[in-house]
Structure formats: structure tokens, C-alpha cells
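Top to bottom, those sequences are chains A and B.
Mapping of the first sequence onto our numbering: residues 1 to 334, in sequence order.
Mapping of the second sequence onto our numbering: residues 1 to 334, in sequence order.
In this text, a Cβ means the ideal position worked out from N, Cα and C, and glycines have one as well.
Number of protein chains: 2
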Amino acid sequence: MPKVTIETVANRVGVSAATVSYALSGKRKISQEVTDKILKAVEELDYRPNITARNLASSKTWTVGLYASPTQNIREDYFFNNILAGVLDVLHEKKYQIHLYADYLDENNKDHPDLNLTQPIDGALIMNPRINDVYIQHIIQCKIPYVVIGTPDDRENSFYVDADLTAGYYAAVNYLIKKGHRKIILMNGSAKYTQSEKREAGSAMAYHDNGLNYSNDWILNVQMLEEEGYRVFKQTIEKISDFTAVITFNDTIAVGVLRALKEKNIHVPGKVAVISAGNTMITRIHAPSITSLDMNSYEIGSKAAELLVDVIEKKRIQPSHTIIQTHLVEREST
Amino acid sequence: MPKVTIETVANRVGVSAATVSYALSGKRKISQEVTDKILKAVEELDYRPNITARNLASSKTWTVGLYASPTQNIREDYFFNNILAGVLDVLHEKKYQIHLYADYLDENNKDHPDLNLTQPIDGALIMNPRINDVYIQHIIQCKIPYVVIGTPDDRENSFYVDADLTAGYYAAVNYLIKKGHRKIILMNGSAKYTQSEKREAGSAMAYHDNGLNYSNDWILNVQMLEEEGYRVFKQTIEKISDFTAVITFNDTIAVGVLRALKEKNIHVPGKVAVISAGNTMITRIHAPSITSLDMNSYEIGSKAAELLVDVIEKKRIQPSHTIIQTHLVEREST
DNA sequence: CTGAAAGCGCTTACAG
DNA sequence: CTGAAAGCGCTTACAG
Numbered sequence: 001m002p003k004v005t006i007e008t009v010a011n012r013v014g015v016s017a018a019t020v021s022y023a024l025s026g027k028r029k030i031s032q033e034v035t036d037k038i039l040k041a042v043e044e045l046d047y048r049p050n051i052t053a054r055n056l057a058s059s060k061t062w063t064v065g066l067y068a069s070p071t072q073n074i075r076e077d078y079f080f081n082n083i084l085a086g087v088l089d090v091l092h093e094k095k096y097q098i099h100l101y102a103d104y105l106d107e108n109n110k111d112h113p114d115l116n117l118t119q120p121i122d123g124a125l126i127m128n129p130r131i132n133d134v135y136i137q138h139i140i141q142c143k144i145p146y147v148v149i150g151t152p153d154d155r156e157n158s159f160y161v162d163a164d165l166t167a168g169y170y171a172a173v174n175y176l177i178k179k180g181h182r183k184i185i186l187m188n189g190s191a192k193y194t195q196s197e198k199r200e201a202g203s204a205m206a207y208h209d210n211g212l213n214y215s216n217d218w219i220l221n222v223q224m225l226e227e228e229g230y231r232v233f234k235q236t237i238e239k240i241s242d243f244t245a246v247i248t249f250n251d252t253i254a255v256g257v258l259r260a261l262k263e264k265n266i267h268v269p270g271k272v273a274v275i276s277a278g279n280t281m282i283t284r285i286h287a288p289s290i291t292s293l294d295m296n297s298y299e300i301g302s303k304a305a306e307l308l309v310d311v312i313e314k315k316r317i318q319p320s321h322t323i324i325q326t327h328l329v330e331r332e333s334t
Numbered sequence: 001m002p003k004v005t006i007e008t009v010a011n012r013v014g015v016s017a018a019t020v021s022y023a024l025s026g027k028r029k030i031s032q033e034v035t036d037k038i039l040k041a042v043e044e045l046d047y048r049p050n051i052t053a054r055n056l057a058s059s060k061t062w063t064v065g066l067y068a069s070p071t072q073n074i075r076e077d078y079f080f081n082n083i084l085a086g087v088l089d090v091l092h093e094k095k096y097q098i099h100l101y102a103d104y105l106d107e108n109n110k111d112h113p114d115l116n117l118t119q120p121i122d123g124a125l126i127m128n129p130r131i132n133d134v135y136i137q138h139i140i141q142c143k144i145p146y147v148v149i150g151t152p153d154d155r156e157n158s159f160y161v162d163a164d165l166t167a168g169y170y171a172a173v174n175y176l177i178k179k180g181h182r183k184i185i186l187m188n189g190s191a192k193y194t195q196s197e198k199r200e201a202g203s204a205m206a207y208h209d210n211g212l213n214y215s216n217d218w219i220l221n222v223q224m225l226e227e228e229g230y231r232v233f234k235q236t237i238e239k240i241s242d243f244t245a246v247i248t249f250n251d252t253i254a255v256g257v258l259r260a261l262k263e264k265n266i267h268v269p270g271k272v273a274v275i276s277a278g279n280t281m282i283t284r285i286h287a288p289s290i291t292s293l294d295m296n297s298y299e300i301g302s303k304a305a306e307l308l309v310d311v312i313e314k315k316r317i318q319p320s321h322t323i324i325q326t327h328l329v330e331r332e333s334t
């Protein structure tokens, strides 16, 4: 069974490969008559263009790389699903495909062989940027257009889409303060993520604007996993006293925190109020249901994808960013 | 800024492109001396091989296509996350990358233009196969190796990995019958998925082996979304009486069902017992926590990926399948 | 141990 | 409106 190429089609119709290519792409007008013959031959021969060859010749892959979290985090976080859905929907509409990369970065290992194995992409979407993110550095070195989902170090020169987490955490902490809370534990994410910085900043502003002091001891940095939220918070309960509220980096950590509280028979919200961020399905379902900061994750994903396509297609050259508003959804945990 | 190709490197070192290629791939021994010079030049020139060109020349892409659900479903289902994590982990280890496709099939539209836009892949992983699945048909036509996650129509000639759902639903329904339930509603998935068939079969067997009759009226087919589970079950409560238990296609539907029950003030498990399938995070978190059939979703994903790599690399030629055992995790809802 | 060259299957200026 | 041909940047038999 001989391989069917554009040549095969051209030969059968009696035209050049160029004509077949143009007829199929529509990049040049080909007479209706010839076009019909070509389409018929394509059908009969069951011709399928070799996309790799097309990509090489046109230096365009119609593919976008999505750099996501470690799989461990992906397993627990609906936030990823919502971002992903937004990204997928937009890219589908714009005819782009998606290459998904999980984060397998070994923090202890300085060389990152994987980075070079990447398939060719027209652009990249980078979730959860670290401070000094090696993925971003790699993408920049490869001269690939990219959009950060979250906030990168170099805000001036980057395209990015993020929720206004500083405002969000300001509002959330402010809300707690107005309710009379004075000592609020921040179960933040790992300090190496820029997202953690913003949460801390918003929180600090709220204390400040209310004329209150707070201590850095009240801020804990944990991995974004339920088990870690649970484990660390159990220790926290022993070490820190008198706190009356907790605000977490995300919903997953909140679930762990609530488990620790339940185990210690500490009533929520009677003794301790809890606020999470993400407003994913689990916040509604949990008992008690969890007050959560909605970040419009689907919209973050879709806006980022739209922006990336514009950047790839040079419809935008000047670095720009979109900041999406958050809003607090009150539930039983506060 | 001139583009750096393998030629650039070869010229600087004073060898042929072939030698550079071999030195880099290790497919032929190149003297240590020359190799060192090449590596130095690669470093200095910041040479990055064009993967598209490599793919074309070697007719190998090191990429696997993952055909997933519609994004609507992805948003709500941790089951997807767990499968995905298993797939990603194995493929990463085996040096393959992943192209993610959501299902945008328009059921009402007979031509599927998207299918032809696919990027070149070495193999495909197909989740949630439909009966007469067009994705599978397409992949077969393209002569691409594939593994089904779930059970395909043509079991004889396919590679696939699935949970033993028939046994799982048999066990679950049997468990309910032993507890005295006689009329159990099956909130099944859409009838066009093979997964729904298997659930129904296991359930039927359990009735049969206990010498009981059941009615097809007790089986409902719904989309795999919380809202649909809720909407349809609310009607069901009105239409069907005397049932004492519900078993659902997945966790998401169960959440909808439980919401409908709560709204009607029907106590769970006092009046109605509920079992779901998936055993994702939400079953633990929900109040009441949900008895659920664990399908080892991470393992399904990882086994499927392993199998696919073997098929791609011709380590397996004869169609084969892996059936993974399920187990029922008892919680408050029963 | 290394080189010269064909080939992968497309696209796209260049010509007419 | 169409063709002949160069080119995309690699890999891999074929030779020596």
C-alpha cells in the first residue's frame, strides 16, 4: 500500500503539487473545474496531508503549549479544570491545538533536560509562574510568544492575565476584620510562587487600612495539597493560639484546614472562620460550605488564550495584561 | 540575527551535518574529540534543533493524542484529573508528550472538520468511547496506534484499559439488595457511551442473581453533569415512587441527585441510600459523605499510557486489554 | 570513524 | 490561472 502524498493526488489529477496545495488551502484561486477534480481525487485516494511537513514548510504549528502544575496538584484542583476549559474552548474556536506539559521540575536538580524535548509550538501559556521561573526563561530563550496565567516577575515586559488577588485578599481580610477578627492565619502557597506574594500583600493592606498590626508568624507557606493543608494546620493549632480566622491560598488547602479543625472539634464558624480562594465545586459541597473568593477561573483561561492568539498573530505587540476582578462568595464557614 | 541550524553548528566545527546529528542523538559513535567540539559549538551558538524537521525526517513525533470529554464535563469531573495525572506521569517517564483534545463533536452535524486538523501523533488515547465512536473510526483510518480508556465496541481487535464496571455495579447493587433495597434507581450516563451499558449490565445481574425483577423505568440516562443529575432527578422523584436507593454513573451526577433529595427534605440514607462511582475527592467532602465505587482512575490512566507506548513501539502487537478491579468505599450515604 | 547526498512531504516565492 | 523548483531543517541509508 503506497503512501498517498500530495504528489499522488497531483499526478492523478494531472496538475502540480502546488496547485493541489493551493486548492486545499485556498491561498490562491484555482479554477472550479480543477478544484473539483482535486477534491474528488483527495476523497478517492483518502489523502491526508502530512501535518509535520506542512508545519516545517510554513513554520507554523497551530499548536500552543500549556505549562501546568505538577500532576500531584492537578489531581486535587478544580481550579486547573476551569482554567483548562477556558483555554481549550478559545483555542478550539481559533483553530489552535494544545500541548499539555505538567511540571516535573526537580527543584534540587539544576539542569532541566526536559525543556529541550519540547515539541514545536507557536506560543506558550504558563500557569503558576514561580519567582525566577525557569519555564518562562526557557520560553524567552526559544523566542516563543507567551502569556502568563498569573503574574510574572517582569510585569513591564510581559503579557499576562491574572485575577486581582491583592484586591481579593484585601476584601476578604477586610471582611473578616469587620466581623471582629483580629488574628487571622494566612495558609499561603509556597513562597516561590508570585501568587503567594499577592495574597500576602492584599492581606497586609487590609490590616494596615484598619489600623491593625499583624505578625509574619501568622503566615504559613504550604504546598497546594489537601494533605499539606491538614498536616501543617494541625501543627499550627498547637503553636499559635487565639486566632479566630483562617484564609487559605486555595480551596484544596482549605479542605485540609477544615479537616484539622474538625478533628480538634473546633467549631466553624463559631470558633474559627475560614475563607478559601477558588470557589470551585468543593466549596459548595463541603460541610460546612466554604466562603470563597471567586476568581473567574474559566475567564482567566479564556482571556489568556485569546491574548496569546493575538500575540502569536501579531495583533498585539506592546506588552499588556488583563486583571480580572474577584468577588467573595459568602457561605457557612464565616 | 541568522537562524542557527545544524548546518551552522557543522560549519563552525568543520564537520558535516550528519556528524552533528549523530553526535547529538548518539545513534553512531563519534570520536570524543569531535563530540566535545560539537557540544561546545551547540552551547556557544545556543543551537536548538528544529523538532518539526526532526519529526518529518524520522517520521516519529514522540507525541500522543489524548481525546478527552467535552470541556463542560472536564470542568466538573475529578475523574478526568486522575486519569490525566496517570497518563502524564507515565508518558513523561517514557519521554512522550501529550496533545490534548477536548470533545467538540456536534452530534447534529455529520461532518467533523476538526478531525483532519489534528497534529501528527505517534498514538492516541481515547477516553469515554461512544458506541460507534467517530474518533476511534478516524484514528483507525489514519492508521494510528491507539488504546481506549474504557471499553470499545470491537473488543476483539482493540487495545483497551477499563475498570471492571460490570463487577463493580454488580457488587454495589448487590450490597444495596442485601441491605434490603428492592427498587433502586440507576442514574446512568448517556446511552451512547459504552460505559453506561456496562453499568446497566452489572446492575441487572445483581437483581437476577438475587431472584429479583427490575424495570427499565428505573434506569435514566443523563448527561454527566451535576446540574443534569439534579434536574432529571427532581422529575424522577415526582414520577417514580417507593424507591429506596439510587446508584449513579459518576460522582458529579450523585452530587446533583443529593441536592435534589435535600431540597425535597428526603433524608439520606434514612429514606434513600445513594451510591456513586469514581470515589473522587468530593465523595469524602460531601455532607453526607458518599459511598462510592473506586475505579482506580489514576491506575487506569497510567496503565493505558504504558500499553499505548508498548503498542507504538511494537512491543505488543496482539490486541490485549487490562481490566482493573473496583472496590466499594462505604460512607454515610448508605 | 566520518562525509556527501537523498529524502521526509509539504508551502511559497518566482515565472509565465 | 497554473507550473517548476527551491526550500523548510533535520535523519539515515549508502560509501568509504
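Residue i versus residue j: straight-line alpha-carbon distance, rounded
i, j, result
"B:T61", "B:K303", "21 angstroms"
"A:Y104", "A:P70", "6 angstroms"
"A:E332", "A:H267", "11 angstroms"
"B:I131", "B:D242", "33 angstroms"
"A:A204", "B:R54", "52 angstroms"
"B:M224", "B:I253", "6 angstroms"
"B:A57", "A:E313", "28 angstroms"
"A:S59", "B:G202", "52 angstroms"
"B:V311", "B:V90", "14 angstroms"
"A:A10", "A:R28", "16 angstroms"
"B:K40", "B:A305", "37 angstroms"
"A:A68", "B:L45", "30 angstroms"
"A:R12", "A:T151", "55 angstroms"
"B:R155", "B:A102", "24 angstroms"
Interface residues of chain B facing residue i [CB-CB closer than 7 angstroms]
i, result
"A:Y104", "H92"
"A:H286", "I285"
"A:R75", "N81, N82, A85"
"A:T326", "By Cβ distance, chain B contributes nothing, its closest Cβ being about 19 angstroms from A:T326, past 7 angstroms."
Classification of residue i by the beta-carbon crowding that lies within 10 angstroms, buried from 16 upward
i, result
"A:A172", "buried"
"A:E200", "buried"
"A:S16", "exposed"
"B:G189", "buried"
"A:I317", "exposed"
"B:S292", "buried"
"A:V18", "Checking the sequence, you will find Ala at residue 18 of chain A rather than Val. Exposed, by the Cβ-count rule."
"A:A191", "exposed"
"A:Q368", "The requested residue 368 of chain A is not part of the displayed model; chain A covers only 1 to 334."
"A:D133", "buried"
Residue nearest to residue i in terms of C-alpha spacing, selected from the options
i, options, result
"B:I185", "B:A191, B:L176, B:K192", "B:L176"
"B:K198", "B:H181, B:G211, B:I219, B:K178", "B:I219"
"A:S320", "A:N81, A:K40, A:V148, A:N250", "A:V148"
"A:L328", "A:D217, A:D154, A:D164, A:D209", "A:D164"
"A:E226", "A:E76, A:L261, A:R48", "A:E76"
"B:I51", "A:I237, A:I121, A:F79, A:R12", "A:I121"
"A:N213", "A:Y230, A:H181, A:R316", "A:H181"
"B:L66", "B:E330, B:V309, B:K40, B:R12", "B:V309"
"B:I373", "B:K262, B:N265, B:G278, B:K264", "Since the displayed chain B opens at 1 and closes at 334, residue 373 of chain B lies outside it and no answer follows."
"A:S276", "A:I98, A:L24, A:D251", "A:D251"
"B:Q325", "B:Y22, B:D162, B:L100, B:N82", "B:D162"
"A:D209", "A:P269, A:A167, A:S25, A:T236", "A:A167"
"A:T8", "A:H138, A:E43, A:I282", "A:E43"
"B:D294", "B:S196, B:G256, B:Y169", "B:Y169"
Under 8 angstroms from the C-beta of residue i: neighbouring residues of chain B
i, result
"A:M187", "Result: empty, since nearest Cβ-Cβ is about 17 angstroms, beyond 8 angstroms."
"A:T244", "Result: empty, since nearest Cβ-Cβ is about 23 angstroms, beyond 8 angstroms."
"A:A23", "Those do not exist, as A:A23 stays about 15 angstroms from chain B at its closest Cβ, beyond 8 angstroms."
"A:V329", "Correct list: empty, because the minimum Cβ distance to chain B is about 17 angstroms."
"A:V255", "M281, I285"
Neighbouring residues, chain A, relative to residue i (Cβ below 9 angstroms)
i, result
"B:V272", "Per Cβ cutoff of 9 angstroms: no residues; B:V272 is ~18 angstroms from chain A at best."
Contact set between residue i and chain B, taken where Cβ atoms lie within less than 9 angstroms
i, result
"A:H99", "T63, Q97, I98, H99, L100, Q119"
Chain A contact residues for residue i, given Cβ-Cβ distances below 8 angstroms
i, result
"B:I282", "M281, I282, I285"
Proximal chain A residues relative to residue i, where beta-carbon distance stays under 7 angstroms
i, result
"B:L88", "T71, A102"
"B:N55", "T52"
inquiry  = Contact between the region 291-309 of chain A and the region 119-127 of chain A is defined here as three or more beta-carbon pairs at a separation below 8 angstroms; is this criterion met?
reply    = Proximity of the region 291-309 of chain A to the region 119-127 of chain A meets the contact definition, three or more beta-carbon pairs being nearer than 8 angstroms.
task = Could you tell me whether the region 87-100 of chain B touches the region 25-44 of chain B, where touching means 3 or more Cβ pairs closer than 8 angstroms?
result = Short answer: they don't touch.
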